[in-house]
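J.: The structure follows.
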Amino acid sequence: MNVVKQDIENLNYDQKRIRNNLTVRERRALKELSNNKKLTIKPADKGGLIVIQNTEDYHAEVLRQVLDRANYRILKSNPTNQILRIINGVVSTALDERIISEKIAKFLCNKTPTIPVFYTLPKVHKGIFPPPGRPIVAGTDSIFQPLAIFVDKFLQPLVPQARSFIRDTKDFLLKLRDLSLPADVILATLDINSLYTSIPHNEGIVAIKQYLSIAVSPPKLVDFILALLEIVLKKNFFRYGSIFYKQIRVPIWRQQTPIYTCQHLRTIISGQTTIFWPIFFAGFGI
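Under this note's numbering, the letters of the sequence shown match residues 4 to 289, in that order.
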């Protein structure tokens, strides 16, 4: 016992003291800002900035978005238990048909989920004040997260197969290195407004099925993946304040949403090749 006590004392003695990189005055100011309910502090959507804005303006921007009936609908109550029953039914059937293992079935059924929460990241780069916000749903540990992770496992390998796919800036520069352009070439960039909330569910599911049917087997596994995807897309909800909302269009998650969106865009772009295909066309993820 004495040896153990001595080891613990030596361990504590050897630990390096952690010095605060803020002055006392700066720490006091940070605490006051954090405790000020009239202010909302969020990271900017782009640029790595920290944005401090009036909570009233932040709340008004959130309400502007969630009250848009084209994208969201107010729910009367928390739908978690109802959706859990649907997930359990789909997973149990897949387990009975030996499409998945018991380990995967257990992973997909989150028995103690958290409620997805809605927030926005201010787009200060737009130069508009108060800034518009990029909608984000924090779905960590929600009933949808295991489903999204499972689906993502099969979708992720499909993304680099797109003709226009760019992995990163280095990949883009390598593609340009051997590209010979005529003198009259026109350079252009494209952007899609409200991309995530603009994709109809059925179109997105059809696009995903097209690529999964080629890359994944057996067909029953493809059907199971699509069933989970449909739950994530059509049953997704979140809470803001004390009110629950259903998402009409694509759930806006930081990790899984871009992959699903890329596959849908890939289908649209591929369908245009018979009409027009530029000398070089590429995009991050599409």
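Glycine included, each C-beta is placed from N, C-alpha and C at the ideal position.
(1) Please name the residue or residues paired with R30 in a DSSP beta bridge.
(2) What is the residue span of the beta strand (DSSP E) that L177 lies within?
(3) Is the CB-CB distance between L111 and F153 below 8 Å?
(4) Starting from F121, follow its DSSP beta bridges and name the residues at the other end.
(5) Can you name the start and end residues of the alpha helix (DSSP H) that L42 belongs to?
(6) What is the C-beta distance between N113 and P149, in whole angstroms, given that I count them as a contact (C-beta under 8 Å)?
(7) Note down, in chain order, each residue of its chain lying with its Cβ closer than 6 Å to the Cβ of K249, except the 5 sequence neighbours on either side.
(8) Tell me where the alpha helix (DSSP H) around F247 begins and ends.
(9) Under three-state DSSP, which class holds R242?
(10) Does the Cβ-Cβ distance between I146 and I90 come in under 8 Å?
(11) Please report the residue range of the beta strand (DSSP E) in which I146 lies.
(12) What does the Cβ neighbour count give for V235, buried or exposed, with the cut at 16 atoms within 10 Å?
(13) Could you give the residue range of the beta strand (DSSP E) that holds Q68?
(14) Ends of the beta strand (DSSP E) at L231?
(15) What number of angstroms, rounded off, separates the C-alpha of K106 from the C-alpha of T115?
(16) Give the DSSP-derived three-state secondary structure of V54 in the structure shown.
(17) So does the stretch 210-226 actually touch the stretch 63-75, counting three or more Cβ pairs closer than 8 Å?
(18) Looking at the unbroken beta strand (DSSP E) that takes in R101, where does it start and where does it end?
(19) Quick one, which of K40, R31, Q164 and K223 has its alpha-carbon nearest E59's?
(20) Using only alpha-carbon positions, find the residue among A108, T123, L52 and K49 that is nearest to R242.
(21) By DSSP, does L36 sit in helix, in strand, or in coil?
T.: Concretely, from the data shown:
(1) Within the sequence shown, numbered from 1, the residue matching residue 30 stands at position 27. Answer by DSSP bridge pairing: none, since R30 is not bridged.
(2) Residue mapping note: residue 177 aligns to position 174 of the sequence shown, counting from 1. Counting along the chain, L177 falls outside any beta strand (DSSP E), though it belongs to the alpha helix (DSSP H) covering T172 to R180.
(3) What you label residue 111 is simply residue 108 of the sequence shown in a count that begins at 1. What you label residue 153 is simply residue 150 of the sequence shown in a count that begins at 1. It is a contact, given that the beta carbons lie within the stated cut-off.
(4) Taking the first residue of the sequence shown as 1, we reach residue 121 at position 118. F121 pairs with V140.
(5) If you number the sequence shown from 1, residue 42 lands on position 39. No alpha helix (DSSP H) holds L42; the beta strand (DSSP E) holding it covers L42 to P46.
(6) Within the sequence shown, residue 113 is the residue found at index 110, counting from 1. Within the sequence shown, residue 149 is the residue found at index 146, counting from 1. N113 to P149, Cβ: 6 Å. Contact.
(7) Stepping through the sequence shown from its first residue, residue 249 is reached at position 246. The residues are R76, L78 and F240.
(8) On the sequence shown, position 244 is the one that residue 247 refers to. It is not in any alpha helix (DSSP H) - F247 instead sits in the beta strand (DSSP E) that spans I246 to Q250.
(9) On the sequence shown, residue 242 is found 239 positions in, with the first residue counted as 1. Reduced to three states, the DSSP call for R242 is strand.
(10) By 1-based counting over the sequence shown, the position of residue 146 is 143. By 1-based counting over the sequence shown, the position of residue 90 is 87. In contact: I146 and I90 (Cβ atoms closer than 8 Å).
(11) Translated into the one-based positions of the sequence shown, residue 146 becomes position 143. Looking at the DSSP string, I146 is not in any beta strand (DSSP E), and its letter there is neither H nor E.
(12) For the purposes of this step, residue 235 is identified with residue 232 of the sequence shown, where counting begins at 1. With 16 or more other Cβ atoms within 10 Å, it is buried.
(13) Taking the sequence shown and counting its residues from 1, the one referred to as residue 68 is at position 65. Taken as a continuous stretch (DSSP letters only), Q68 belongs to no beta strand (DSSP E), being part of the alpha helix (DSSP H) at T58 to V69.
(14) In the sequence shown, counting from the first residue as 1, residue 231 sits at position 228. Premise fails: L231 lies in the alpha helix (DSSP H), P222 to K237, not in any beta strand (DSSP E).
(15) Position 103 of the sequence shown holds residue 106. Position 112 of the sequence shown holds residue 115. The straight-line gap from Cα to Cα measures roughly 17 Å.
(16) The count along the sequence shown starts at 1 and reaches residue 54 at position 51. Strand at V54.
(17) no
(18) The residue labelled residue 101 in the question sits at position 98 within the sequence shown. Run containing R101: none; DSSP gives neither H nor E here.
(19) On the sequence shown, position 56 is the one that residue 59 refers to. Among K40, R31, Q164 and K223, the Cα nearest to that of E59 is on K40.
(20) Along the sequence shown, one-based indexing puts residue 242 at 239. Per the Cα distances, T123.
(21) In the sequence shown, residue 36 corresponds to position 33, counting from 1. Helix at L36.
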